[in-house]
Amino acid sequence: MDGCWHESFRIFAIENLAGDTFDIEKLKEVLEPKQQGYQKVTNVIHYLASHDRSHLLAAESFQTLDPEAALKQAKLGAVLLVTAVGIPMLWMGQEFGQSAPQTPNQLNKLQWFLLKNQPNLSCWNTTNT
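Each residue of the sequence shown is one higher than the one before, starting from 1151 at the first, in the working numbering.
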(Lines of atoms letter the chains of each structure in order from A and count residues from 1; the text may use other names and numbers.)
(Lines give C-alpha, C1' and ligand atoms only; values in the text may rest on other atoms or scores of the structure.)
Protein backbone atom coordinates (compact mmCIF):
# COMPACT_ATOMS: atom_id res chain seq x y z
CA MET A 1 0.00 0.00 0.00
CA ASP A 2 1.45 3.36 -1.00
CA GLY A 3 -0.93 5.75 0.74
CA CYS A 4 -2.93 5.98 3.93
CA TRP A 5 -5.46 8.21 5.64
CA HIS A 6 -3.80 11.06 7.54
CA GLU A 7 -5.77 10.77 10.77
CA SER A 8 -3.60 13.24 12.68
CA PHE A 9 -4.48 15.89 10.06
CA ARG A 10 -8.21 15.32 10.70
CA ILE A 11 -7.81 15.42 14.48
CA PHE A 12 -5.62 18.53 14.36
CA ALA A 13 -8.00 20.33 11.99
CA ILE A 14 -11.07 19.65 14.13
CA GLU A 15 -9.34 20.85 17.31
CA ASN A 16 -7.98 24.00 15.69
CA LEU A 17 -10.86 24.95 13.42
CA ALA A 18 -13.35 24.66 16.28
CA GLY A 19 -11.19 27.00 18.35
CA ASP A 20 -10.27 24.46 21.02
CA THR A 21 -6.54 25.04 20.55
CA PHE A 22 -3.90 26.43 18.24
CA ASP A 23 -0.37 25.12 17.90
CA ILE A 24 1.72 26.53 15.04
CA GLU A 25 4.37 23.81 15.36
CA LYS A 26 1.74 21.06 15.13
CA LEU A 27 0.26 22.88 12.12
CA LYS A 28 3.63 22.77 10.37
CA GLU A 29 3.93 19.08 11.21
CA VAL A 30 0.55 18.02 9.81
CA LEU A 31 0.95 20.20 6.72
CA GLU A 32 4.28 18.57 5.87
CA PRO A 33 3.76 14.78 6.00
CA LYS A 34 7.50 14.03 5.84
CA GLN A 35 7.77 15.50 9.36
CA GLN A 36 5.49 12.69 10.53
CA GLY A 37 7.53 9.95 8.89
CA TYR A 38 5.84 9.63 5.49
CA GLN A 39 8.42 9.05 2.76
CA LYS A 40 6.58 10.85 -0.03
CA VAL A 41 3.74 13.35 -0.17
CA THR A 42 1.76 10.84 -2.22
CA ASN A 43 1.78 8.49 0.80
CA VAL A 44 -0.75 10.60 2.68
CA ILE A 45 -4.44 11.30 2.06
CA HIS A 46 -5.72 14.33 3.97
CA TYR A 47 -9.39 14.30 4.94
CA LEU A 48 -11.81 15.88 7.38
CA ALA A 49 -14.75 13.50 6.88
CA SER A 50 -15.28 10.12 5.26
CA HIS A 51 -17.67 7.21 5.13
CA ASP A 52 -16.27 6.27 8.57
CA ARG A 53 -16.21 9.77 10.06
CA SER A 54 -18.94 12.37 10.49
CA HIS A 55 -18.91 15.62 8.54
CA LEU A 56 -16.79 18.32 10.14
CA LEU A 57 -19.85 20.37 11.11
CA ALA A 58 -21.27 17.36 12.98
CA ALA A 59 -18.22 17.20 15.26
CA GLU A 60 -19.07 17.82 18.90
CA SER A 61 -16.69 20.78 19.17
CA PHE A 62 -18.48 22.51 16.27
CA GLN A 63 -21.87 22.21 17.96
CA THR A 64 -21.01 25.04 20.37
CA LEU A 65 -20.26 27.48 17.54
CA ASP A 66 -22.74 29.83 15.95
CA PRO A 67 -23.94 28.09 12.72
CA GLU A 68 -22.57 30.83 10.46
CA ALA A 69 -19.21 30.84 12.27
CA ALA A 70 -19.08 27.04 12.10
CA LEU A 71 -19.63 27.14 8.35
CA LYS A 72 -16.86 29.73 7.94
CA GLN A 73 -14.52 27.47 9.87
CA ALA A 74 -15.57 24.49 7.73
CA LYS A 75 -14.77 26.55 4.64
CA LEU A 76 -11.35 27.34 6.09
CA GLY A 77 -10.94 23.61 6.74
CA ALA A 78 -11.68 22.82 3.09
CA VAL A 79 -9.09 25.38 1.98
CA LEU A 80 -6.56 23.91 4.41
CA LEU A 81 -7.37 20.44 3.11
CA VAL A 82 -6.86 21.20 -0.57
CA THR A 83 -3.73 23.31 -0.04
CA ALA A 84 -1.91 20.91 2.32
CA VAL A 85 0.97 18.90 0.88
CA GLY A 86 -0.46 15.49 -0.03
CA ILE A 87 -3.62 14.09 -1.57
CA PRO A 88 -6.87 15.80 -0.49
CA MET A 89 -10.19 13.98 -0.17
CA LEU A 90 -13.42 15.94 0.16
CA TRP A 91 -16.30 13.78 1.41
CA MET A 92 -19.65 14.18 -0.33
CA GLY A 93 -21.48 17.24 0.95
CA GLN A 94 -18.42 18.71 2.61
CA GLU A 95 -18.01 21.16 -0.26
CA PHE A 96 -21.25 22.93 0.67
CA GLY A 97 -21.34 22.48 4.44
CA GLN A 98 -23.42 19.36 4.99
CA SER A 99 -23.41 18.48 8.67
CA ALA A 100 -24.65 14.90 8.75
CA PRO A 101 -23.26 12.55 11.39
CA GLN A 102 -21.78 9.25 10.29
CA THR A 103 -24.46 6.56 10.50
CA PRO A 104 -23.22 3.01 9.83
CA ASN A 105 -25.25 1.02 7.31
CA GLN A 106 -27.64 3.94 6.76
CA LEU A 107 -28.18 6.12 3.72
CA ASN A 108 -26.58 9.54 4.06
CA LYS A 109 -28.15 11.42 1.19
CA LEU A 110 -26.70 14.68 -0.04
CA GLN A 111 -28.63 17.68 1.24
CA TRP A 112 -28.66 19.68 -1.97
CA PHE A 113 -31.27 22.07 -0.54
CA LEU A 114 -28.47 23.61 1.55
CA LEU A 115 -27.23 25.35 -1.60
CA LYS A 116 -30.28 27.64 -1.32
CA ASN A 117 -28.60 29.22 1.73
CA GLN A 118 -26.04 31.93 0.95
CA PRO A 119 -23.42 30.72 3.48
CA ASN A 120 -23.56 27.17 2.06
CA LEU A 121 -23.41 28.49 -1.50
CA SER A 122 -20.36 30.57 -0.53
CA CYS A 123 -18.68 27.42 0.79
CA TRP A 124 -19.55 25.61 -2.47
CA ASN A 125 -18.13 28.44 -4.57
CA THR A 126 -14.89 28.46 -2.55
CA THR A 127 -14.27 24.74 -2.97
CA ASN A 128 -15.22 24.70 -6.65
CA THR A 129 -13.04 27.48 -8.01
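The beta carbon of each residue, even a glycine, is placed where N, CA and C say it ideally should be.
Query, Result
"As a quick exercise: from PRO1238, VAL1191, GLU1182, pick the residue whose alpha carbon is nearest that of ASP1152.", "VAL1191"
"Closer than 6 Å by C-beta to PRO1269: which residues in its own chain qualify, once you throw out the five before and the five after it? Chain order, please.", "GLU1218, LEU1221"
"DSSP three-state call for PRO1238: helix, strand or coil?", "strand"
"Could you compute how far the alpha carbon of GLU1157 sits from the alpha carbon of VAL1232?", "15 Å"
"Drop a sphere of 10 angstroms on the beta-carbon of ILE1164, count the other beta-carbons inside from all chains shown, and report buried for 16 or more, exposed for fewer.", "buried"
"Do ASN1166 and PHE1159 count as a contact pair if the criterion is CB distance below 7 Å?", "no"
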